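With the numbering used here, the residue at position 5 of the sequence shown is 184, and numbering never jumps.
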Amino acid sequence: MMKANQLRKKSEEELRKLLDQKREKLRETRYGLSSGKVKNIKEARGLKKEIARILTILNEGSYEK
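Here's what the structure looks like:
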């Protein structure tokens with residue numbers, strides 16, 4: 180899990196790419212949970228928090244330009 184200050188050091192392009200990766204991983208995790216393949220239920224919660232963190236930083240505009 181990345182901290183907010185680590186995310187703020189990234190560029191907007193890097194953050195958007197990371198956001199897409201996290202959303203895809205969340206999608207896969209949800210599918211795995213529904214089919215019973217994934218056992219770590221807390222993983223989805225952590226991914227949602229990371230996505231929210233990235234979106235907050237993008238909306239603030241406090242990333243490296």
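Each residue gets a CB set at the ideal place from its N, CA and C atoms; glycine is no exception.
Keep in mind that this is a model prediction, so the values were computed, not measured.
Query                                                                                           : Result
Y194 and I233 closer than 7 Å at C-beta                                                         : For the record, residue 194 in the displayed sequence is Leu; it is not Tyr. Yes, these two residues count as a Cβ contact at 7 Å.
Through-space distance from L237 to K189, alpha-carbon basis                                    : 10 Å
Proximal residues to K201 (C-beta, below 8 Å), its chain only, five neighbours per side dropped : L226, E229, I230, I233
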